[in-house]
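Below is one structure, written out as structure tokens; comments come after it.
2 protein chains.
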Amino acid sequence: MLIDFSEKNLPQVEKEMLEYIEKNTLSNSLKESMSYSVTAGGKRLRPLIVLAVADAFQQKLTTPFYQVAASLEMVHTYSLIHDDLPAMDNDDLRRGKPTNHKIYGEALAILAGDGLLTLAFQLLSEVNLASTEKLLLLQLLTKASGTSGMVSGQVGDTEAEGKVVSLAELQQIHSEKTGALLTYAFMAGGILAQQTPEVLDILQRLGEHIGLAFQIRDDLLDVIGTTEDLGKNVHQDQKLAKSTYPNLLGLNGAKEALKNELKTAEKVIQTLASEPNFNGSVLNEIVALLKLEEV
Amino acid sequence: MLIDFSEKNLPQVEKEMLEYIEKNTLSNSLKESMSYSVTAGGKRLRPLIVLAVADAFQQKLTTPFYQVAASLEMVHTYSLIHDDLPAMDNDDLRRGKPTNHKIYGEALAILAGDGLLTLAFQLLSEVNLASTEKLLLLQLLTKASGTSGMVSGQVGDTEAEGKVVSLAELQQIHSEKTGALLTYAFMAGGILAQQTPEVLDILQRLGEHIGLAFQIRDDLLDVIGTTEDLGKNVHQDQKLAKSTYPNLLGLNGAKEALKNELKTAEKVIQTLASEPNFNGSVLNEIVALLKLEEV
Numbered sequence: 000m001l002i003d004f005s006e007k008n009l010p011q012v013e014k015e016m017l018e019y020i021e022k023n024t025l026s027n028s029l030k031e032s033m034s035y036s037v038t039a040g041g042k043r044l045r046p047l048i049v050l051a052v053a054d055a056f057q058q059k060l061t062t063p064f065y066q067v068a069a070s071l072e073m074v075h076t077y078s079l080i081h082d083d084l085p086a087m088d089n090d091d092l093r094r095g096k097p098t099n100h101k102i103y104g105e106a107l108a109i110l111a112g113d114g115l116l117t118l119a120f121q122l123l124s125e126v127n128l129a130s131t132e133k134l135l136l137l138q139l140l141t142k143a144s145g146t147s148g149m150v151s152g153q154v155g156d157t158e159a160e161g162k163v164v165s166l167a168e169l170q171q172i173h174s175e176k177t178g179a180l181l182t183y184a185f186m187a188g189g190i191l192a193q194q195t196p197e198v199l200d201i202l203q204r205l206g207e208h209i210g211l212a213f214q215i216r217d218d219l220l221d222v223i224g225t226t227e228d229l230g231k232n233v234h235q236d237q238k239l240a241k242s243t244y245p246n247l248l249g250l251n252g253a254k255e256a257l258k259n260e261l262k263t264a265e266k267v268i269q270t271l272a273s274e275p276n277f278n279g280s281v282l283n284e285i286v287a288l289l290k291l292e293e294v
Numbered sequence: 000m001l002i003d004f005s006e007k008n009l010p011q012v013e014k015e016m017l018e019y020i021e022k023n024t025l026s027n028s029l030k031e032s033m034s035y036s037v038t039a040g041g042k043r044l045r046p047l048i049v050l051a052v053a054d055a056f057q058q059k060l061t062t063p064f065y066q067v068a069a070s071l072e073m074v075h076t077y078s079l080i081h082d083d084l085p086a087m088d089n090d091d092l093r094r095g096k097p098t099n100h101k102i103y104g105e106a107l108a109i110l111a112g113d114g115l116l117t118l119a120f121q122l123l124s125e126v127n128l129a130s131t132e133k134l135l136l137l138q139l140l141t142k143a144s145g146t147s148g149m150v151s152g153q154v155g156d157t158e159a160e161g162k163v164v165s166l167a168e169l170q171q172i173h174s175e176k177t178g179a180l181l182t183y184a185f186m187a188g189g190i191l192a193q194q195t196p197e198v199l200d201i202l203q204r205l206g207e208h209i210g211l212a213f214q215i216r217d218d219l220l221d222v223i224g225t226t227e228d229l230g231k232n233v234h235q236d237q238k239l240a241k242s243t244y245p246n247l248l249g250l251n252g253a254k255e256a257l258k259n260e261l262k263t264a265e266k267v268i269q270t271l272a273s274e275p276n277f278n279g280s281v282l283n284e285i286v287a288l289l290k291l292e293e294v
């Protein structure tokens with residue numbers, strides 16, 4: 000069961016993040032600011048995927064697995080801190096709490112982001128895995144989070160504000176902004192489970208569909224969700240005049256597109272069923288988590 | 000001669016940076032903003048040190064050497080872009096040109112910094128070196144540039160504004176803020192030249208003295224230099240009420256401290272003379288470059 004799996008494993012990920020920050024940060028205020036955002040909760044979807052994929056291939060989850068998951072969540076957390084800055088999305092609420100710069104000021108928020116990003120790669124470079132696995136993870140994570148992934152998507156997102164973009168452009172922005180890191184999560188789990196390049200390709204495809212579903216759902220929730228349920232301000236896309244899936248496809252069209260992506264994701268998981276020792280049940284539950292009725 | 004060495008080798012470093020940005024960045028405006036700061040000149044002291052140390056041990060400088068030097072300069076450039084932001088030092092002039100955010104706006108400047116930092120680690124993870132060397136460089140660079148190095152020093156520097164700090168505190172801030180990355184430059188050169196841990200220790204010591212000298216000199220120039228000569232605004236420390244070496248030691252005391260650090264650095268270079276195939280002449284010229292009369 001996903002809920003048992005999460006309750007058992009996600010606290011380990013948070014523990015690895017906090018311990019690594021504690022051990023490797025000289026400035027106390029920097030430590031406090033980074034720890035604040037790292038413990039602010041959230042769904043922990045990315046580390047959950049890393050661990051669930053490894054678990055699906057019957058891996059025993061040991062410290063290096065949690066550390067790889069922790070380094071990914073640190074990258075995700077840095078991106079949220081920077082995205083929320085006044086010069087970017089100017090958000091004051093995140094996961095039901097004031098955003099980092101509302102508490103610590105802009106300078107420390109920028110540096111907390113820089114610090115978490117650098118610490119993520121430091122942790123990954125030190126983790127107790129074979130050199131080739133470690134370097135492959137570093138190559139994929141820097142690519143997914145950097146200028147051919149998340150950072151580029153964030154630029155595209157900013158530039159699209161107030162403009163009408165096509166569905167193809169919107170998908171490109173989101174595949175960079177959120178899809179790349181989610182896809183990395185699936186592949187990292189497969190690499191930790193020492194899977195073949197063929198299986199890694201399938202996991203990559205799974206990640207791409209989940210990434211797209213995630214973004215369509217996020218856009219839908221901004222329209223139909225509440226601040227109370229989501230822990231962040233809603234109707235932000237409208238405020239910033241952003242193009243979204245509900246804009247381009249209509250509310251029902253966007254709901255349909257979400258369903259299609261999730262259905263495809265389930266099919267991709269089925270193709271893995273023939274792999275030795277594969278059990279897709281927790282992965283199927285993660286897909287189900289993204290269905291709209293689950294909000 | 001240092002001047003010949005620089006003219007021959009530094010263009011290769013810039014070429015590696017620009018090519019890597021070009022090849023690995025999806026967003027055009029992001030590419031432009033990063034390339035702007037990367038080509039804005041500067042002394043290129045850090046990549047120069049990497050290459051000069053490797054050259055002092057008679058290494059033939061090939062593409063991986065230039066790429067390691069380029070990844071370090073990308074980290075340095077990111078730190079300048081973020082330091083200049085309105086929420087940080089709020090500088091509008093850098094190397095005689097408008098700072099990144101003055102041209103591209105704050106959002107793109109933040110993302111250009113994030114992008115360069117991530118690309119630096121991406122480049123280092125992909126460089127054509129043995130896995131163990133590559134991982135050691137990644138471990139040292141993330142540490143030197145992150146929360147036990149540069150990022151932490153930047154926090155300390157911000158917090159020291161308007162306060163009187165002791166000489167010991169000032170040295171701690173600067174050993175993190177500028178010393179760590181300069182020290183990495185010396186060690187990276189030694190690692191590329193496959194030197195023993197003993198030699199790497201000596202190079203580390205050399206880096207620490209050079210780092211301290213560099214900062215004392217920087218503080219002195221802010222008092223006695225001109226904007227025209229330096230390409231950046233002077234008297235900024237006074238404006239931000241920062242503690243500096245001239246504040247704490249007086250102008251002559253700071254000049255004396257600078258001389259002492261450089262004299263020690265020269266002695267450390269002499270201890271390397273007994274190593275096989277070592278030629279310290281370009282390194283001595285780098286030390287001489289930091290003497291005040293050279294400004």
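Chains as they are written, first to last, in numbering that gives the first Met the number 0: chain Z, 0 to 294; chain D, 0 to 294.
In this text, a Cβ means the ideal position worked out from N, Cα and C, and glycines have one as well.
DSSP lists Z:P97 as the beta-bridge partner residues of L92 (chain Z). One alpha carbon belongs to L181 (chain Z), the other to G161 (chain Z), and they sit about 27 Å apart. With respect to the 9 Å criterion, V74 (chain D) and A187 (chain D) are not classified as neighbours on the basis of their beta carbons. Taking a Cβ-Cβ cut-off of 7 Å, the neighbours of E125 (chain D) in chain Z comprise Q138, given in sequence order. Residue contact check for M186 (chain Z) against chain D: no CB pair falls below 9 Å.
Listed along chain D are S130, T131, L134, each with a C-beta nearer than 7 Å to that of S130 (chain Z). Scanning chain D for C-beta atoms nearer than 8 Å to the C-beta of I80 (chain Z) yields nothing, as the closest lies near 11 Å away.
Considering only D:L250, D:L257, D:N246, the residue with the shortest C-alpha distance to Q214 (chain D) is D:L257.
Considering only beta carbons, the part of the segment 11-34 of chain D lying closer than 7 Å to chain Z consists of N23, T24, L25, S26, S28, L29, in chain order.
Put simply, the backbone Cα of P245 (chain Z) is about 37 Å away from that of Y35 (chain D).
Closest option to H100 (chain D), judged by alpha-carbon separation, among D:R94, D:L84, D:L115: D:L84. Here DSSP, grouped into helix, strand and coil, assigns G41 (chain D) to coil. DSSP places M87 (chain Z) outside both helix and strand once states are collapsed to three, so it counts as coil.
Ranked by Cα distance from Q235 (chain D), the options D:L139, D:E31, D:L220 are led by D:L220. By the Cβ test, the segment 19-33 of chain D is not in contact with the segment 264-275 of chain D, since fewer than three Cβ pairs between them sit closer than 8 Å. Within the same chain, I20, A111, G114, L115 come within 6 Å of M33 (chain D) by CB-CB distance, once the 5 residues on both sides are set aside. If you draw a straight line from the Cα of V233 (chain Z) to the Cα of A287 (chain Z), it comes to about 23 Å. Put simply, the segment 114-129 of chain D touches the segment 49-69 of chain D. At least three CB pairs are less than 8 Å apart.
Neighbours of F120 (chain Z) in chain D, taken as residues at a C-beta separation under 8 Å, are given in chain order as F120, L137, T141.
Between the C-alpha atoms of P63 (chain D) and V126 (chain Z) there is a straight-line separation of about 24 Å. Per the C-alpha coordinates, the member of D:K262, D:D228, D:L211, D:S5 positioned closest to L92 (chain D) is D:D228.
For the segment 168-202 of chain D, the set of residues with a beta-carbon nearer than 9 Å to any beta-carbon of chain Z comprises Q171, E175, in chain order. Under a criterion of Cβ atoms nearer than 8 Å, the residues of chain D adjacent to G114 (chain Z) are, in order, G145, T146, V150, S151.
Cβ contact annotation for G224 (chain Z) (same chain, cutoff 6 Å, sequence separation greater than five): V233, in chain order. A direct Cα-Cα distance of roughly 18 Å separates P10 (chain D) from I285 (chain D). Per DSSP, reduced to three states, the secondary structure at G161 (chain D) is coil, with no helix or strand assignment.
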